[in-house]
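In UniProt numbering, the protein residues as written are 1 to 85.
So this is what it looks like as structure tokens:
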């Protein structure tokens, strides 16, 4: 409520569905700005999740390839190696 008003002065108040005093609704410009900000945050969150999932999949595939390469090298390596000593 605004302060400094005389008793009996008319003023506009906004109430919610439970008849509790609430803030004034957003203007169309404020609603557009808020919607744009939320859409940007949602897009960035989706991009971050997609990037993280792709990076995780890439890491798992690399680990698998490295393990397969190691297994193959264990079979072929002794044939190439020169034993000294």
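Every residue, glycine too, gets a C-beta built ideally from N, C-alpha and C. Bear in mind that the values here come from a model prediction, so they are computed numbers and not experimental data.
Distance CB(residue i)-CB(residue j) smaller than 9 Å
i	j	result
residue 21	residue 13	yes
Collapsed DSSP secondary structure at residue i in the structure displayed
i	result
residue 13	coil
residue 22	strand
residue 4	coil
residue 27	coil
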